[in-house]
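All remarks here apply to the structure that follows.
2 protein chains.
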Amino acid sequence: MKPRDQHKAGQVFSATLHLVQQKGLAGITMSSIASAARIATGTLYIYFHNKNDLINALFTECRKNALNIYFDGYDENAPFKTGFKIVWMNIVKFRMEHFDQSVFLDQCYHSPFITETTKEITRKMNQPLYKLLERGKEEKHLKDMDNSLLLTFMAGSINEFIKHSKYSGRKILPYQIDQIFELCWDALKS
Amino acid sequence: MKPRDQHKAGQVFSATLHLVQQKGLAGITMSSIASAARIATGTLYIYFHNKNDLINALFTECRKNALNIYFDGYDENAPFKTGFKIVWMNIVKFRMEHFDQSVFLDQCYHSPFITETTKEITRKMNQPLYKLLERGKEEKHLKDMDNSLLLTFMAGSINEFIKHSKYSGRKILPYQIDQIFELCWDALKS
DNA sequence: AAAATAAATGAATATTTATTCAGTTAAAAG
DNA sequence: CTTTTAACTGAATAAATATTCATTTATTTT
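One line per chain: the protein sequences are A and B, in this order.
Numbered by this note's numbering, the letters in the first sequence go through residues 11 to 200 in order.
Numbered by this note's numbering, the letters in the second sequence go through residues 11 to 200 in order.
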């Protein structure tokens, strides 16, 4: 028997992300995905049950990927601010280096593709972030506000800047990132 | 002869926004728009040349609407901070009270529907915002940073919070808005 | 009140896109 | 080296969706 190509699913994911970044979620077809991944349309159906399946699998993969990156290098024994900055910088890193994934995730939230099951699975992935914020509040480093307010401020302030920079083709400079972090920290610290 | 129903285009716009909020841009069909607007499919083509046309017209309309709201009550003779706060609060107002438009605009940016012409037309609508920021920098109220950084911070910090609150079905309380404004102002003031 | 005209309808048609499948190829097992 | 088996192909089919059009309805004009 012939074994499955280990890299093919990854090729399909990359191709899909690339297409969605260019044309949006509404602009992709199974045949455009296949041809971008340099395989036959039929082959897609060996790896994924259907289009819905493909998108849900990729969505879950991107979320998993994002959360892994967020806590890359995080040490819970280090001082809070150190850990907080690492996670914040990792969020930036994910949004910048995996901008296509970022766009794909954004587009999916309001799409008809993502199932309740997938939403439930991926919602749970936020736990470590909430745990981080709880720690910050317990240790009196962060203002005693709702997790949702803290989390959205933490991510949102940088999000729009990266989007806008990418669209206008402007390069993001390290000092700009540092500047925005300081603004954020001053805002959130208690 | 029979005149055109003056309200019909508006009905179509409302129906489209409602559907996009529910199912995303990828989930709408001409027949679903028609039935949500309580008209026949064919009638859509009296008011709009085709689906692309409809979406571009609605996109332009939403952008126009947003910018109008942003400067509602703005008086350039008032002190800068007063005007800045009015505009900031109006951005919040637009995002909250016209959340469906906000979602639609977000989804369109990466879609295959929006033409270069529409992008060009709507890009120009940002001028008054840039003018406001320039004034702030000239009068030394705002930090001397890129307009894009200032504008995205101004809008982005609140954006994510509103989105998240809407999804989790949590009510946004006035004091939360005031809190976030203070954080923003402290961040941006020179 | 009748004629004229354009809006409105929704079923029919055209187009696009997802999915399948008969045939082909390539790897592994014997 | 032959057999077996599953991946792979892409044209064919099915399903979904955009668009058209013959017909009906409503409004204005004369």
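Backbone N, C-alpha and C define an ideal beta-carbon position, used for all residues, glycine too.
A quick note: this is a predicted structure, and the numbers were derived from the prediction, not measured.
Any C-beta of chain B under 9 Å from that of residue i
i          : result
His-108(A) : no
Ser-121(A) : yes
Val-22(A)  : no
Ile-96(A)  : no
Lys-150(A) : no
Gln-137(A) : no
Ala-36(A)  : yes
Lys-147(A) : no
Lys-181(A) : no
Lys-103(A) : no
Gln-16(A)  : no
Gln-186(A) : yes
Chain-order list of residues whose beta-carbon lies under 8 Å from that of residue i (same chain, five-residue window excluded)
i          : result
Thr-111(A) : For clarity, residue 111(A) is Gln in the given sequence; the question names Thr instead. Leu-27, Cys-72, Asn-75, Ala-76, Phe-104, listed in sequence order.
Cys-194(B) : Trp-98, Phe-163, Met-164, Ser-167, Ile-168
Pro-138(A) : Leu-77, Tyr-80, Phe-81
Gly-179(B) : none
Lys-181(A) : Ser-175
Gln-32(A)  : none
Cβ neighbours of residue i in the same chain (closer than 7 Å, five flanking residues each side left out)
i          : result
Met-40(A)  : Thr-51, Leu-54, Lys-61
Tyr-57(A)  : Lys-18, Ala-19, Val-22
Glu-86(A)  : Gly-93
Ile-96(A)  : Gly-83, Tyr-84
Leu-35(A)  : Gln-117, Cys-118, Ser-121
Lys-106(B) : Here residue 106(B) is Met; the residue named in the question, Lys, does not match the sequence. Excluding sequence neighbours, Met-106(B) sits near Ile-172, Ile-182.
Lys-199(B) : His-151, Leu-152
Cβ of residue i within 9 Å of any chain A Cβ
i          : result
Gln-117(B) : yes
Ser-178(B) : yes
Ser-175(B) : yes
Ala-76(B)  : no
Asp-196(B) : yes
Ile-190(B) : yes
Leu-193(B) : yes
Gln-31(B)  : yes
Cβ-based neighbour list, residue i, same chain, cut-off 6 Å, excluding 5 preceding and 5 following
i          : result
Ile-79(B)  : Asn-100, Phe-104
Cys-118(B) : Phe-69, Ile-124
Leu-115(A) : Cys-72
Lys-12(B)  : none
Distance between residue j and residue i (C-alpha atoms, nearest Å)
i          : j          : result
Val-102(A) : Asp-63(B)  : 36 Å
His-174(A) : Pro-122(B) : 18 Å
Asp-196(B) : Leu-161(B) : 15 Å
Leu-143(B) : Asn-157(B) : 7 Å
Ser-167(B) : Val-22(B)  : 32 Å
Ala-25(A)  : His-59(A)  : 18 Å
Tyr-140(A) : Leu-159(A) : 11 Å
Gly-37(A)  : Lys-147(A) : 43 Å
Phe-191(B) : Arg-145(B) : 19 Å
Ser-45(A)  : Val-30(A)  : 14 Å
Lys-129(B) : Val-113(A) : 18 Å
His-108(B) : Ile-65(B)  : 17 Å
Leu-183(B) : Ile-43(A)  : 44 Å
Met-155(B) : Phe-171(A) : 13 Å
Ala-67(B)  : Lys-176(A) : 25 Å
Ile-49(B)  : Thr-127(A) : 35 Å
Asp-15(B)  : Ala-47(A)  : 48 Å
Any non-hydrogen atom of the ligand FMN within 8 Å of residue i CB
i          : result
Gly-146(A) : The ligand FMN is not part of this structure, which contains no ligands at all.
>> By the 7 Å beta-carbon criterion, what residues does the region 156 to 172 of chain A contribute toward chain B?
In response: Ser-158, Leu-159, Thr-162, Phe-163, Ala-165, Gly-166, Ser-167, Asn-169, Glu-170, Phe-171
> Closer than 8 Å, Cβ to any Cβ of chain A: which residues of the region 38 to 72 of chain B, in chain order?
Replying inline: none
>> Taking 8 Å as the cut-off, does the region 183 to 191 of chain B touch the region 127 to 145 of chain B (at least 3 CB pairs, one atom from each stretch)?
In response: no
>> Tell me whether the region 142 to 161 of chain B and the region 88 to 95 of chain B touch, counting them as touching only if at least three CB pairs, one residue from each stretch, are closer than 8 Å.
In response: yes
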